[in-house]
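First residue of the sequence shown: 237, per our numbering; consecutive thereafter.
The beta-carbon is built from N, C-alpha and C at its ideal position, and this holds for glycine as well.
Reading through the structure tokens given below for one structure.
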Amino acid sequence: TPGREARFVGWSGSQQSASARLTFTAQANTVLIATFADSGKPVVVISAPTANARLLEPSVPLRGTATDNQAVTQVRYELNGAAAVSAQGTTNWSAQLSLRPGVNTVVVKASDAAGNESAPVSRSFTYVVSSPLTLQIIGPGTVSGATNRQALEIGKSYTLTATPGREARFVGWSGSQQSA
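Written as structure tokens, this is what we have:
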């Protein structure tokens with residue numbers, strides 16, 4: 237009877253059969269070998285970066301663990317659909333990721349010596365690229381919604397409100413974003 241996470245492969249020796257039940261007539265020097273194979277799939281877990289993390293650096297560590305009923309032989313990952321790359325280590329594994337601006341997705345799988353592969357585990361996170369805002373106020377008035385030199389996330393929408401001072405009127409915006 238196969239153990240947990242194993243499957244019966246067959247009988248060899250004096251008798252050959254793929255059936256788990258073998259009936260035979262004993263003879264001198266009978267040799268019977270029951271062969272079982274590992275069927276347990278590894279389990280892989282990503283511990284960093286966290287799901288939906290907003291990351292400010294383009295290079296971040298990918299870390300996790302993998303377990304198996306026998307032994308994990310390899311952990312591989314794909315970043316943004318690129319070709320799979322081997323991580324460093326097996327039960328405690330890691331890799332350094334080079335992110336592109338915006339959402340990045342990594343998919344990780346582990347394998348064991350029997351060729352069993354874990355279910356893929358995916359994780360998405362965002363590399364946030366920012367740029368400082370140059371905000372200049374000409375004339376009496378104030379601007380709310382952002383400040384001069386404030387780091388703004390590229391691709392994100394912002395709203396500024398101009399409020400004229402006493403006995404002044406708002407004339408319009410100028411610069412790389414213009415409106416009246």
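L369 vs N352 beta-carbon contact at 8 Å: Annotated as distal: L369 and N352, with beta-carbon spacing of 8 Å or more.
Contact set for R402: own chain, Cβ-Cβ below 8 Å, skip 5 residues either direction: Here the set comprises P376.
Option in V339, S347, N328 and Q413 with minimal Cα separation from A320: Nearest of V339, S347, N328 and Q413 to A320, Cα basis: S347.
Beta-bridge pairing of N328 - partner residues as DSSP gives them: Answer by DSSP bridge pairing, in chain order: T301.
S410 versus A398 - alpha carbon distance: The alpha-carbon separation between S410 and A398 amounts to approximately 12 Å.
Best match in N340, V344, T327 and T301 for proximity to N316 [C-alpha to C-alpha]: Taking only the C-alpha atoms, the option nearest N316 is N340.
Runs of beta strand (DSSP E) lying entirely within the segment 348-389, each at least 3 residues, in chain order: As for any beta strand (DSSP E) of minimum length 3 sitting wholly inside the segment 348-389, the runs are 357-363, 366-368, 377-380 and 387-389, ordered along the chain.
Simplified DSSP state of R243, which is helix, strand or coil: In the three-state scheme derived from DSSP, where H, G and I count as helix and E and B as strand, R243 is classed as strand.
Candidates L396, F406 and S360: closest to A287 by CA position: Across the set L396, F406 and S360, the C-alpha of S360 shows the shortest separation from the C-alpha of A287.
Beta carbon of S322 nearer than 8 Å to that of Q310: Taking 8 Å as the Cβ cut-off, S322 and Q310 qualify as a contacting pair.
Cα-Cα separation between T261 and A254, rounded to whole angstroms: As the crow flies, the alpha-carbon of T261 is around 17 Å from that of A254.
Length of the line joining the Cα atoms of S412 and S358: C-alpha separation (whole angstroms): 39 Å.
Reduced DSSP category for R402 - H, G, I as helix; E, B as strand; rest coil: In the structure shown, R402 adopts coil according to DSSP, grouped into three states.
Contact check, K277 vs R312, beta carbons under 8 Å: The answer is no: Cβ separation not under 8 Å.
Residue nearest to S228 in terms of C-alpha spacing, selected from E293, L298, V267 and T271: Since the displayed the chain opens at 237 and closes at 416, residue 228 lies outside it and no answer follows.
From A270, V280 and P337, residue whose alpha carbon lies closest to that of T326: Measuring from the Cα of T326, the nearest candidate turns out to be V280.
Proximal residues to A256 (C-beta, below 7 Å), its chain only, five neighbours per side dropped: Excluding residues up to 5 positions away in sequence, F244 lie with their Cβ nearer than 7 Å to the Cβ of A256 in the same chain.
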